[in-house]
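Chains as they are written, first to last, in my numbering: chain V, 11 to 268; chain W, 1486 to 1793.
C-beta atoms are modelled at their ideal positions from N, C-alpha and C, and glycine is treated no differently.
Take a look at the structure below.
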Amino acid sequence: MIRAFLAIVMLITTALPGTKARAQEEVVLGLSQNRVRITANFDGSEILIFGAIKRESPITDTPLDVIVTLAGPSTPVTVHKKDRRLGVWVNTDSVEVQTAPSFYTVASTAPLTDILRQTEDLRHSISVPRAIRSVGSASDTADPADYTRALIRIRENQGVYQSLEGGVTLDQQTLFRTSISMPSNLTEGSYDTRVFLLREGHVVSRFDTVIDVTKVGLERWLYMMSRQQPFIYGLLSLTIAILAGWLASALFRAIRSS
Amino acid sequence: MQVYLPIAEVSVNMFLLFGLGGLVGVLSGMFGVGGGFLITPLLFFVGIPPAVAVATSANQIVASSVSAVLAHLKRKTVDLRMGSVLLVGGLIGSAIGIVIFNYLRSLGQVDLLVNLCYVVFLGTVGALMLVESLRALRRARKLGGALPPRKARRQRTWIYTLPFKMRFRTSGLYISVIPPILVGMSVGILAAIMGVGGGFIMVPAMIYLLNMPTKVVIGTSLFQIIFVTAFTTMLHAVTNQTVDLLLALTLLLGGVVGAQFGTSLGARLKAEQLRILLALLVLAVCGKLALDLFLTPSELYELAEGRP
Chain V
11 MIRAFLAIVM LITTALPGTK ARAQEEVVLG LSQNRVRITA NFDGSEILIF GAIKRESPIT
71 DTPLDVIVTL AGPSTPVTVH KKDRRLGVWV NTDSVEVQTA PSFYTVASTA PLTDILRQTE
131 DLRHSISVPR AIRSVGSASD TADPADYTRA LIRIRENQGV YQSLEGGVTL DQQTLFRTSI
191 SMPSNLTEGS YDTRVFLLRE GHVVSRFDTV IDVTKVGLER WLYMMSRQQP FIYGLLSLTI
251 AILAGWLASA LFRAIRSS
Chain W
1486 MQVYLPIAEV SVNMFLLFGL GGLVGVLSGM FGVGGGFLIT PLLFFVGIPP AVAVATSANQ
1546 IVASSVSAVL AHLKRKTVDL RMGSVLLVGG LIGSAIGIVI FNYLRSLGQV DLLVNLCYVV
1606 FLGTVGALML VESLRALRRA RKLGGALPPR KARRQRTWIY TLPFKMRFRT SGLYISVIPP
1666 ILVGMSVGIL AAIMGVGGGF IMVPAMIYLL NMPTKVVIGT SLFQIIFVTA FTTMLHAVTN
1726 QTVDLLLALT LLLGGVVGAQ FGTSLGARLK AEQLRILLAL LVLAVCGKLA LDLFLTPSEL
1786 YELAEGRP
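Okay, structure coming up:
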């Protein structure tokens, strides 16, 4: 009991310098690109996120850690579970996850469990499970946590969720950089980029910016038309199909007769 | 070379798509099947979202069917009159099928039903065709290579007593329009539920139920498929906006070329051989789907974007 109390006191006292340093350290961020253009031959993109830490006081002894997160637009996701019924695998139960980012990467200087406290993770939603919101999901399944774990597992296998522990390099507690690869199956939208500075598990500074991912050129034109003039788009698809069919036939006849 | 698909929102190798389109095109020209039952699972496998795969393959089938039908028209192996009669039945059937499909969706488990439908129909149709064609081939071999005359007129039963008779010159038939309309209708219903053109059911139905000659069946089936899939494409484009033009374009470039090769390849094979090959293909797809239903999947969970 006493030991537990002492531990809490120690926690508070050690946390104090961190809170003091809060206003003194600031992130100055650079991005290799703040727009990702999806063109017809888009094949993924590598984003270099780098920066420096501006401070007004000398560097304190407690080590500094940096976490960089990059999150794509969020959508609700339904997770279905298969079960065997009469020898056939069918979707039985499902859980609806309120919002899950379509893309999420968290890069850090060290394993998250070592540098980030649970409470801070809860507040800022940093780690992959915290970035997915499934609170109060209305379901009568036995273990909804299994479903969110499955969601993370599937998306990790697809390469859209990544945890790059040790992916951020920090030089002399001042300069940091990381490179995040974005896969080719990106969706359009604003990608939130966050940089956290941490001391002893506490977030002492935070910096937010946005990377815009947009379709350009032909991609944009086709996409907009399919949404705004679906009927004309459908007719265009059919016309192209019929023309292509006719052309191939005519071409082959010409080749064969010559 | 990678290409980013604007509606599917994935980047795929262009030559892979070209190859897939070509493969399905060859089958389409050879057997008179649209290839929907083949291209859709293949697109899933490449990583295209299911909704986009279903809608876009319909558009691609329009292209390869047009290509193949033109080749068949040149060869005079399309029974336009029979095709139109089947189409009338088919469109009525599709409308009924869409109603049934939406009803089933409201009950849930529509995926399971579609898969079961596939396994049952592909399995039965494939097995029946294989047995019949093998028997025919064996009979032909016994007679020293000369094929016996088709016993097409054998079934002069109740079908020939029905009213509204019509002469189908290309098929060499003089029968009532009621059986073709019924065949078209039932295929239309199934096609709408299963999301395919229905060629793989239509072809055997024409051969075995309507007694049409195999050579004419392929062109006529394709003729009918063009309209059914064009209708489906428009429906998907307007309601779900899931037709990916860029994907369709890459697929159909391969498809139209493949269809031409398929048609000339099909003309070189004997009718029985053609049917055996189609039967084997149908059975292979059926086996794959059955395995998915009965084997323990490696991933028990499945994601679907959006709310249930």
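Between the CA atoms of residue 1710 of chain W and residue 1625 of chain W - distance to the nearest angstrom
Going by the C-alpha atoms only, they are around 32 Å apart.
Any chance you could list the alpha helix (DSSP H) runs of at least 4 consecutive residues sitting entirely within the segment 122 to 204 of chain V, in chain order?
Scanning the segment 122 to 204 of chain V from its first residue to its last, the whole alpha helix (DSSP H) runs of 4-plus residues come out as 122 to 125, 128 to 134, 138 to 141, 154 to 167.
Using only alpha-carbon positions, find the residue among W:1526, W:1532, W:1668 that is nearest to residue 169 of chain V.
Ranked by Cα distance from residue 169 of chain V, the first of W:1526, W:1532, W:1668 is W:1532.
Alpha carbon to alpha carbon, how far is residue 1650 of chain W from residue 1662 of chain W?
Distance between the alpha carbons of residue 1650 of chain W and residue 1662 of chain W is about 6 Å.
Complete runs of the alpha helix (DSSP H) confined to the segment 1723 to 1784 of chain W [at least 4 residues]
Within the segment 1723 to 1784 of chain W, the runs of alpha helix (DSSP H) at least 4 residues long that lie entirely inside it are, in chain order, 1730 to 1753, 1756 to 1779.
Within 8 Å, do at least three Cβ pairs link the segment 1721 to 1738 of chain W to the segment 1681 to 1691 of chain W?
No, they do not touch.
Do you know offhand how far residue 113 of chain V's Cα is from residue 1527 of chain W's?
Taking the straight line from one Cα to the other gives about 25 Å.
For a quick check, are the C-beta atoms of residue 1567 of chain W and residue 1750 of chain W less than 8 Å apart?
Cβ atoms of residue 1567 of chain W and residue 1750 of chain W: not closer than 8 Å.
Leaving aside the five residues before and after residue 1618 of chain W along the sequence, list all residues of the same chain whose C-beta is less than 7 Å from its C-beta, in chain order.
1757, 1760, 1761, 1764, listed in sequence order.
So, using beta-carbon positions, are residue 199 of chain V and residue 1555 of chain W closer together than 8 Å?
Not closer than 8 Å, so no.
Entirely within the segment 208 to 235 of chain V and at least 3 residues each: give me those beta strand (DSSP E) ranges in chain order.
DSSP runs (the beta strand (DSSP E)) wholly in the segment 208 to 235 of chain V: 212 to 225.
Could you tell me whether the Cβ of residue 1676 of chain W comes closer than 8 Å to any Cβ of chain V?
Not an interface residue.
Following the continuous alpha helix (DSSP H) through residue 1534 of chain W, name the residue where it begins and the one where it ends.
Bounds of any alpha helix (DSSP H) do not take in residue 1534 of chain W, whose DSSP letter is neither H nor E.
Provide the residue span of the alpha helix (DSSP H) that contains residue 98 of chain V, from first to last.
In the DSSP annotation of this structure, residue 98 of chain V is not part of any alpha helix (DSSP H); the continuous beta strand (DSSP E) holding it starts and ends at 98 to 111.
Buried/exposed call for residue 209 of chain V, threshold 16 Cβ in 10 Å:
With 16 or more other Cβ atoms within 10 Å, it is buried.
Looking at the secondary structure, which residues open and close the alpha helix (DSSP H) in which residue 350 of chain V lies?
The structure shown does not extend to residue 350 of chain V, since chain V is modelled only from 11 through 268, so no value can be given for it.
Taking 8 Å as the cut-off, decide whether the C-beta atoms of residue 1506 of chain W and residue 1743 of chain W are in contact.
Against a cut-off of 8 Å, the Cβ pair of residue 1743 of chain W and residue 1506 of chain W comes out as a contact.
What does residue 1658 of chain W pair with, by DSSP beta-bridge criteria?
According to DSSP, residue pairing for residue 1658 of chain W in a beta bridge involves W:1653.
So that I know if they touch, is there some Cβ in chain V lying closer than 8 Å to that of residue 1486 of chain W?
Output row for residue 1486 of chain W: interface = yes.
Within the continuous beta strand (DSSP E) that includes residue 80 of chain V, where are the two ends?
Where residue 80 of chain V is concerned, the enclosing beta strand (DSSP E) stretches over 74 to 81.
The segment 1532 to 1550 of chain W in contact with the segment 1769 to 1779 of chain W per 3-pair CB rule at 8 Å
Contact between the segment 1532 to 1550 of chain W and the segment 1769 to 1779 of chain W is absent, because fewer than three Cβ pairs lie under 8 Å.
Distance CB(residue 1687 of chain W)-CB(residue 1701 of chain W) smaller than 8 Å:
For residue 1687 of chain W and residue 1701 of chain W, no; Cβs fall outside 8 Å.
Does any residue of chain V bring its CB to less than 8 Å from the CB of residue 1635 of chain W?
Residue placement at residue 1635 of chain W is flagged as unreliable, the pLDDT there being 49, under the threshold of 50; a coordinate-derived value is accordingly withheld.
Decide if residue 187 of chain V is buried, meaning its Cβ has at least 16 other Cβ atoms within 10 Å, or exposed.
It counts as buried.
Whole-angstrom Cβ separation of residue 78 of chain V and residue 59 of chain V, contact assumed at under 8 Å?
Contact holds; Cβ gap of about 5 Å.
Report, in whole angstroms, the separation of the C-beta atoms of residue 164 of chain V and residue 1786 of chain W, which I expect to be a contact under 8 Å.
Correct: roughly 7 Å between the Cβ atoms.
Determine, for residue 1639 of chain W, whether the minimum Cβ-Cβ distance to residues of chain V falls below 8 Å.
At residue 1639 of chain W, the pLDDT of 49 sits below 50, so the modelled position is not reliable; the number obtained from the coordinates is stated separately. In terms of beta-carbon proximity, residue 1639 of chain W stays away from the interface with chain V, with every pair separated by 8 Å or more.
With a threshold of 8 Å on Cβ separation, who are the neighbours of residue 1582 of chain W within its own chain once the five nearest residues in sequence on each side are excluded?
Excluding the 5 residues flanking it on each side, residue 1582 of chain W has same chain C-beta neighbours closer than 8 Å at 1673, 1674, 1675, 1676, 1677, 1678, in chain order.
As assigned by DSSP and simplified to three states, the class of residue 86 of chain V:
Assignment of residue 86 of chain V by DSSP, reduced to helix, strand and coil, places it in the strand class.
Around the C-beta of residue 1664 of chain W, are 16 or more other C-beta atoms found within 10 angstroms, so that it is buried, or is it exposed?
With 16 or more Cβ atoms within 10 Å of its Cβ, residue 1664 of chain W is classed as buried.
Quick one, which of W:1584, W:1586, W:1521, W:1729 has its alpha-carbon nearest residue 1534 of chain W's?
Comparing Cα positions, the closest option is W:1729.
Which partner residues does residue 1603 of chain W have in the DSSP bridge list?
Paired residues: none, contrary to the question.
Alpha carbons only, please: which of V:260, V:86, V:82 is nearest the one belonging to residue 172 of chain V?
When only C-alpha atoms are compared, the closest one is V:82.
Tell me which residues share the same chain as residue 193 of chain V and place their Cβ nearer than 7 Å to its Cβ, disregarding the 5 neighbours each side in the sequence.
Once the five neighbours on either side are set aside, the close Cβ partners of residue 193 of chain V are 54, 169, 170.
For residue 125 of chain V and residue 205 of chain V, the rounded distance between their alpha carbons:
If you take the alpha carbons of residue 205 of chain V and residue 125 of chain V, they lie about 14 Å apart.
Can you tell me where the beta strand (DSSP E) holding residue 1520 of chain W begins and where it ends?
Going by DSSP, residue 1520 of chain W is part of no beta strand (DSSP E) at all; its letter is neither H nor E.
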